[in-house]
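The structure under discussion appears below in the form of structure tokens.
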Amino acid sequence: MKLLKKIQSEIDQYSNTIEGALSLSEITIKYGLNSYRYGSSSFLSDLFDPIVITNETVFYDLGSGYGNIILYGAVKYPNAKFKGIEILKERHEVCAGLIEKEQIKNAVAICGDILKTDISDGTIFYLYNPLYDFQYAELLNKLHQISLHKPITVIAESRCNFFDEAEWLEQYHLKDIDVVRKIKYYHSKFTKTP
Numbered sequence: 001m002k003l004l005k006k007i008q009s010e011i012d013q014y015s016n017t018i019e020g021a022l023s024l025s026e027i028t029i030k031y032g033l034n035s036y037r038y039g040s041s042s043f044l045s046d047l048f049d050p051i052v053i054t055n056e057t058v059f060y061d062l063g064s065g066y067g068n069i070i071l072y073g074a075v076k077y078p079n080a081k082f083k084g085i086e087i088l089k090e091r092h093e094v095c096a097g098l099i100e101k102e103q104i105k106n107a108v109a110i111c112g113d114i115l116k117t118d119i120s121d122g123t124i125f126y127l128y129n130p131l132y133d134f135q136y137a138e139l140l141n142k143l144h145q146i147s148l149h150k151p152i153t154v155i156a157e158s159r160c161n162f163f164d165e166a167e168w169l170e171q172y173h174l175k176d177i178d179v180v181r182k183i184k185y186y187h188s189k190f191t192k193t194p
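If you count by UniProt numbering, then the sequence shown holds residues 1 to 194, one letter each, in order.
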């Protein structure tokens, strides 16, 4: 896919420049205590293989960085919606700019805190280590509340232990990337409330 290669090339150019200029102390003062590590799955086609994407899908990348995953998904699955939430304005602006430049209608870039942003319309949630350990309980509670009204899928590419321990989630797929890294896929144990 020519468009995906073009987008990835632009993301790589921007990220090489931006990441070197970011100061952890300055962004912590500006945005508060969060995990600002940048990393994104380099296994995009493999990442999407174990999930079902339909025209009802609202896919969230929680801590979306420069938008690699939502842009890939939006181009590959034009009938689904893809939303990325990134707290750092510098990263967010790259994704938002690419969405506008390439006129990708089914992708949205949101600049905000994933713990404070409304994600209740989501059906699939992807995370690549966007939080510190002490913040995962709040995120899990937020996702659990959504799962009380509809089935959801959670994809964790790091910090899987938090999702393994959640009684309302059930792992249905595992992808070993290397000795250390894994991608785990979970379905909610759906129980609709009256």
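Here a beta-carbon is modelled for each residue, glycine too, at the ideal position from N, C-alpha and C.
I'd like to check one pair, residue j with residue i: are the Cβ atoms closer than 7 angstroms?
{"i": "L62", "j": "L3", "result": "no"}
{"i": "I152", "j": "D113", "result": "no"}
{"i": "D176", "j": "K184", "result": "no"}
{"i": "Y77", "j": "L44", "result": "no"}
{"i": "V154", "j": "F134", "result": "no"}
So who's on the other strand from residue i, going by DSSP bridges?
{"i": "residue 220", "result": "Because the chain spans 1 through 194 in this model, residue 220 falls outside it and cannot be assessed."}
{"i": "I85", "result": "L62 and I110"}
{"i": "L127", "result": "L62 and A156"}
{"i": "D176", "result": "K182"}
Express the C-alpha separation of residue j and residue i in angstroms, rounding to a whole number.
{"i": "P130", "j": "T54", "result": "26 angstroms"}
{"i": "I11", "j": "K89", "result": "15 angstroms"}
{"i": "P50", "j": "T117", "result": "27 angstroms"}
{"i": "I70", "j": "C111", "result": "14 angstroms"}
{"i": "N106", "j": "F59", "result": "10 angstroms"}
{"i": "R91", "j": "G65", "result": "5 angstroms"}
{"i": "Y186", "j": "V75", "result": "24 angstroms"}
{"i": "W168", "j": "L139", "result": "13 angstroms"}
{"i": "T17", "j": "V94", "result": "12 angstroms"}
{"i": "I146", "j": "F48", "result": "22 angstroms"}
{"i": "Q103", "j": "Y172", "result": "35 angstroms"}
{"i": "L115", "j": "I85", "result": "10 angstroms"}
{"i": "D46", "j": "M1", "result": "15 angstroms"}
{"i": "Q8", "j": "G97", "result": "13 angstroms"}
{"i": "Y132", "j": "L174", "result": "23 angstroms"}
{"i": "S15", "j": "D121", "result": "29 angstroms"}
Applying the 10 Å Cβ sphere with the 16-neighbour rule, what's the burial state of residue i?
{"i": "N141", "result": "exposed"}
{"i": "A166", "result": "buried"}
{"i": "F82", "result": "buried"}
{"i": "V52", "result": "exposed"}
{"i": "S188", "result": "buried"}
{"i": "E157", "result": "buried"}
{"i": "L143", "result": "buried"}
{"i": "Y136", "result": "buried"}
{"i": "N79", "result": "exposed"}
{"i": "N68", "result": "buried"}
Write down the C-beta distance between residue i and residue j rounded to the nearest angstrom, noting that I regard them as a contact closer than 8 angstroms.
{"i": "W109", "j": "I99", "result": "Reading the sequence as shown, one finds Ala at residue 109 and not Trp. At roughly 6 angstroms, the Cβ-Cβ gap stays under 8 angstroms, so A109 and I99 are in contact."}
{"i": "T123", "j": "E56", "result": "7 angstroms"}
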